[in-house]
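Have a look at the structure below before the remarks.
Protein chains: 2
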Amino acid sequence: GISASAAAAPADEPIQVIKPAANINLGLVDLGKKLYFDPRLSKSGFISCNSCHNLSMGGTDNIPTSIGDKWQQGPINSPTVLNSSLNLAQFWDGRAADLKEQAGGPIANPGEMGFSHTLAVQVLETIPGYVREFRQVFGKDKIDIDQVTLAIAEFEKTLVTPNSRFDQWLLGKTDALSENELAGYTLFKESGCVACHNGEAVGGNSFQKMGIVEPYKTKATAGGRADVTGKDADRFNFKVPTLRNVELTYPYFHDGAANTLAEAVDIMGRLQLGKKFTDAENAKIVAFLKTLTGDQPSFALPILPPSSDTTPRPQPFSK
Amino acid sequence: GISASAAAAPADEPIQVIKPAANINLGLVDLGKKLYFDPRLSKSGFISCNSCHNLSMGGTDNIPTSIGDKWQQGPINSPTVLNSSLNLAQFWDGRAADLKEQAGGPIANPGEMGFSHTLAVQVLETIPGYVREFRQVFGKDKIDIDQVTLAIAEFEKTLVTPNSRFDQWLLGKTDALSENELAGYTLFKESGCVACHNGEAVGGNSFQKMGIVEPYKTKATAGGRADVTGKDADRFNFKVPTLRNVELTYPYFHDGAANTLAEAVDIMGRLQLGKKFTDAENAKIVAFLKTLTGDQPSFALPILPPSSDTTPRPQPFSK
Ligand code: HEC
Ligand code: HEC
Ligand code: HEC
Ligand code: HEC
Ligand SMILES: [Ca+2]
Ligand SMILES: [Ca+2]
Ligand SMILES: [Ca+2]
Ligand SMILES: [Mg+2]
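Protein chains in written order, with my numbering: chain A, 191 to 509; chain B, 191 to 509.
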C-alpha cells in the first residue's frame, strides 16, 4: 500500500526539490570549465581542480584524504563540488564565504596545487587561447586572479544535480521510490536526521558538532569551526555535508574514515542521536540515501588551449 | 601567387589525409572510455590513463617525463595517444605490438599505475555498474584483463584527429594554408624530413636512429629499439613520432628535453640531416607543423559507476 509519506504534500517535507542552475553567464562558465580542468594552474602541471573533485566520480577523489603536490597526504577529506553553490559557506569549517573566495585557496596551497596566484596568472597570460577568451569574457586587456576565481565559481554554479528519484517523488511521481526507500525516508525524518540534513541540499546549511551524544574518535587534527571563530563552543563543529549524491562521495566524514554508507549511518545514529539502528533499519536509510543521486553534470570534455613558447613550464620535480 | 605545392595533386604528396575511425564497436568504445578515465585501475585510486595522456591536452601530460604512482619520476616522455592506432607498434621502442597489448602495461607498471591485473579485475568485479556493462558488451559472466585492454584499445581507435587545415588543403581547399605555411611544407619535403615523417600520421611507421649526422646528447638512459631486439644496430633507434597535433605535444623527443617546436626542428635539421635552418626557414616549418592540428576528440565526460561496499579501497599512501 501507499505509505503516509508517499501521500504527503511535498510542501510539508524538510527536503526541497533541487533546482537547475539559473542566471548563468555561459561565456564565463565555458572559461571556468577549462580552468577547472587545467593542471597548468598547479606547480607540477599535473593537478587540476578535477584531480581532487573528479566530475566523473561525484565531484570527489574517493580517497580518505587528498593527494596533493609531490604526493603530499592532505589533512582532510575532499568534499564534493556538486551542489556546493548551495552551501552557507565553503570548506568543512566554513572559512571561505563563497565559491569565488574558495577557488583562490587550492591554487596557492603548498599541499594542494603548490603554486601562487602570480605564477598562475603568468601562465595564463602567455597562452594565446586564454588571452583571447579572457578578453572576450571580461573585455579587459589583463588577466587577474579575480577573473580566474570568478570564472571557476560560475562553472561550479552549474554543478547542481537535479532530477534524483527522490526529487521526482517530491514532485508527485509516487512510484519513483520503493516502499523500502520510503520507509528509509520515514526513519530518516522520525529519527531526527533532518534536524541537520534538510533543505535543498539535504545539508550544507549549518555547522554542527560532530559527536553530540558520544565523542567521535579520529586521528585527524581538524578543529572545525573553532579554527575560524576561535570560540571554544565551535570546537569540532563542521559544516553539515550535503547528502545529495552521497552514494558517490565515499569515504565519509571529514577524516574519510567511514568506508561505507552503512558505517556512516550507524555512526550518525549513535553519535548524533544516541540511537542504535538495527541492520534492517540501517539498510532502509541507506536505500533512501541512494535515491538522492541526481543527474550528474553532462558536458563535453573541455579542450585546453596550448601553451606558447614563452609559457613557464611546469616544475613537477624541483624542490 | 599559388605555389607549386598548392597546385600539386594530393595523390603525389608524401602525407595522406587522415581518415575518421571506422568499424568501431560503440558498446566497447563506451566501456573503454570509462576505463580510460577510471583512476581505480591504479593502486592509489588517483591515476588514470587520462592523467598521463590527457585528452584535454593533445593526449599527453606536457611534462618532460611522467609522474607515476607516489610521484615517481618516469624515465621517458609520454607520447600522445591521438592517432596511436596508426603506429606500426607501441612505445618509443615498439615493444608492444598493438594498442591492446600496450594497454596492459601501465596498469601493472610499478612506476606508473602501480597496480596488478588481478587487483584491477577484482576492483571492477565489485562495481555493479561495470559488471552489468561488461556482461552486456562481452556476454560473459566474468571480467578478465583481456576484456579490459580490448575495450580501452577500442576506445583509443576512436582518437583520430581528422580535418586539420593541412588535410583540408590535401583535399583541395587551396586557401586552407597560408603561403608561409606552404613554404614550410615545401622546406619540410625538400629538406628530407619526409623520409621519416610521412604517411597518414606523418610518422609512426618506422624506427629510426636519433642522431644520424651528429649524436644526440641526453641524460635519459633509454636504449631505444635495441632494448627490444638486442641488436647493436638498433641502438638509439626510436619509433618516429607522429607529427599530427605536434603543436600540442610539447615538450619534444623521448626525453622531453626540447621545450619548443622551434628547438625540435632545429635539432632535427642538424642531427638528422646535417642542415642548419635559418630562423626564417625554421619559422616556416613550425608554421607548417601547426597546420597538422586536427579535430580533437569530442565526447561527454564519462560518468563512472560507483564502487560498492566490497570494492577494495585505493592505497595511495601505503608502502
Ligand atoms: C589536492 C586536492 C585538491 C585540489 C587540487 C583542489 N581541492 Fe578543493 N578541496 C580539497 C579538500 C581536501 C577540501 C576540503 C578542505 C577543508 O575543508 O579544509 C576542498 C574543498 C573545496 C570546496 C569546498 C566544498 C565544501 O563543501 O566545503 C570547493 C568548492 C572546492 N574545494 C573547489 C576546488 C576548486 C575550484 C579547485 C581548483 C581551483 C580545487 N578545489 C582544488 C581538495 C582539493
Ligand atoms: C546534530 C547534527 C546532525 C544530525 C542529527 C545528523 N547528522 Fe549526519 N552529519 C552531521 C555532521 C556535522 C556531519 C559531518 C561530520 C564529520 O565529517 O566529521 C555529518 C555527516 C553525515 C554523513 C556523511 C556525509 C559525508 O559526505 O561525509 C552521513 C551519511 C550522515 N551524516 C547521515 C546522517 C543520518 C542518516 C543521520 C540520522 C541518523 C544524521 N546524519 C544525523 C550532522 C548531523
Ligand atoms: C604514469 C604515466 C602514464 C600512465 C598512467 C599511462 N601512460 Fe601510457 N605512456 C606513458 C609513457 C611514459 C609512455 C612511453 C613509454 C615508452 O615508450 O617506453 C606511454 C606509452 C603509451 C602508448 C604508446 C604510444 C606510442 O606512440 O608509442 C599508449 C597507446 C599508451 N601509453 C596508452 C596508455 C593507456 C591506455 C593507459 C592506461 C591503461 C596509459 N597509457 C597509462 C605514460 C603513462
Ligand atoms: C632519419 C629520420 C628522421 C628525419 C630525417 C627527421 N626526423 Fe624528426 N624524428 C625522428 C625520430 C626518430 C624522432 C624521435 C627522436 C627522439 O625522440 O629521440 C623525431 C622527432 C621529431 C620531432 C619531435 C616529435 C615529438 O613529439 O617529440 C619533430 C618536431 C620532428 N622530428 C620534426 C622533424 C623535422 C622538421 C625534420 C626535418 C628537418 C625531421 N624531423 C627529420 C626521425 C627523423
Ligand atoms: Ca565565512
Ligand atoms: Ca567524502
Ligand atoms: Ca612530447
Ligand atoms: Mg626501452
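For each residue, glycine too, the CB sits at the ideal point set by N, CA and C. Given the structure is predicted, the values throughout are model-derived calculations rather than measurements.
Asked: So, with DSSP's three-state summary, where would you put residue 376 of chain B?; Found: helix
Asked: For residue 339 of chain B, does the three-state DSSP call read helix, strand or coil?; Found: helix
Asked: Quick one: any contact between the segment 252 to 266 of chain A and the segment 228 to 243 of chain B, if contact means 3 or more CB pairs under 8 Å?; Found: yes
Asked: In chain order, which alpha helix (DSSP H) runs of at least 4 residues are fully inside the segment 430 to 457 of chain B?; Found: none
Asked: Between residue 444 of chain A and residue 267 of chain A, how many whole angstroms is the CB-CB distance? I'm expecting something under 8 Å.; Found: 6 Å
Asked: One question on the structure: do residue 163 of chain B and residue 237 of chain A come within less than 8 Å of each other, judged by their Cβ atoms?; Found: No answer is possible for residue 163 of chain B: it lies beyond the span of chain B, which begins at 191 and ends at 509.
Asked: Inspect the beta-carbon positions of residue 432 of chain A and residue 392 of chain A and report whether they are closer than 8 Å.; Found: yes
Asked: Could you list which residues in chain A have their beta carbon closer than 7 Å to that of residue 491 of chain B, in chain order?; Found: 245, 246, 489, 491
Asked: Listed in chain order, which residues are found with a beta carbon closer than 5 Å to a heavy atom of ligand 7?; Found: B:267, B:439
Asked: Provide the residue(s) that pair with residue 286 of chain A in DSSP beta bridges, ordered along the chain.; Found: A:280
Asked: Taking all protein chains shown into account, do 16 or more other C-beta atoms lie within 10 angstroms of the C-beta of residue 424 of chain A, making it buried, or fewer, making it exposed?; Found: buried
Asked: Between the C-alpha atoms of residue 473 of chain B and residue 374 of chain B, what's the straight-line distance to the nearest angstrom?; Found: 8 Å
Asked: Pairing CB atoms from the segment 414 to 423 of chain B with CB atoms from the segment 272 to 290 of chain B, are three or more of them under 8 Å?; Found: yes
Asked: Jot down the residue ranges of each uninterrupted beta strand (DSSP E) in the segment 364 to 427 of chain B, minimum 3 residues, whole runs only, in chain order.; Found: 397 to 399
Asked: Any Cβ of chain A within less than 8 Å of the Cβ of residue 508 of chain B?; Found: no
Asked: Count the other C-beta atoms from every protein chain shown that fall within 10 angstroms of the C-beta of residue 212 of chain A, then say buried if there are 16 or more, exposed otherwise.; Found: exposed
Asked: Taking 8 Å as the threshold (beta carbon to beta carbon), is residue 356 of chain B in contact with chain A?; Found: no
Asked: So if I threshold CB-CB distances at 8 Å, which residues from the segment 411 to 441 of chain B count as touching chain A?; Found: 437, 438, 440, 441
Asked: Applying a beta-carbon distance threshold of less than 8 Å, which residues of chain A neighbour residue 452 of chain B?; Found: 499
Asked: Please return the same chain residues whose Cβ sits closer than 6 Å to the Cβ of residue 270 of chain B, not counting the five positions on each side in sequence.; Found: 248, 249, 250, 439
Asked: Under 8 Å, Cβ to Cβ, is there at least one residue of chain B near residue 359 of chain A?; Found: no
Asked: Any beta carbon of chain B sitting closer than 8 Å to that of residue 195 of chain A?; Found: Residue confidence is low: residue 195 of chain A scores 48 on pLDDT, short of 50, so the model does not pin down where it sits. No coordinate-derived value is stated.
Asked: Could you tell me whether the Cβ of residue 504 of chain A comes closer than 8 Å to any Cβ of chain B?; Found: yes
Asked: Using only the heavy atoms of ligand 3, determine whether one of them is closer than 7 Å to the beta carbon of residue 349 of chain B.; Found: no
Asked: What residue does the alpha helix (DSSP H) around residue 241 of chain B start on, and which one ends it?; Found: 239 to 242
Asked: Rounded to whole angstroms, what is the Cα-Cα separation between residue 341 of chain A and residue 257 of chain A?; Found: 25 Å
Asked: Note down, in chain order, every chain B residue with its Cβ under 8 Å from the Cβ of residue 260 of chain A.; Found: 261
Asked: Kindly identify the DSSP beta-bridge partner or partners of residue 470 of chain B.; Found: Answer is none; residue 470 of chain B lacks a bridge partner.
Asked: Cβ of residue 352 of chain A less than 8 Å from any chain B Cβ?; Found: no
Asked: Any heavy atom of ligand 1 within a distance shorter than 7 Å of the CB on residue 142 of chain A?; Found: The structure shown does not extend to residue 142 of chain A, since chain A spans only 191 to 509, so no value can be given for it.
Asked: Would you mind sorting residue 447 of chain A into buried or exposed? The rule is 16 or more other CB atoms within 10 Å of its CB.; Found: buried
Asked: By Cβ distance below 6 Å, which residues in the same chain neighbour residue 278 of chain B in space, the five residues on each side in sequence not counted?; Found: 395
Asked: Please give me, in chain order, every unbroken run of the alpha helix (DSSP H) with length at least 4 that falls completely inside the segment 256 to 334 of chain B.; Found: 289 to 298, 307 to 315, 318 to 328
Asked: Does the beta carbon of residue 326 of chain B come closer than 8 Å to any beta carbon on chain A?; Found: no
Asked: Flag this pair as touching only if the segment 502 to 509 of chain A and the segment 304 to 316 of chain A have three or more C-beta atom pairs under 8 Å; answer yes or no.; Found: yes
Asked: Looking at the unbroken alpha helix (DSSP H) that takes in residue 227 of chain A, where does it start and where does it end?; Found: 216 to 227
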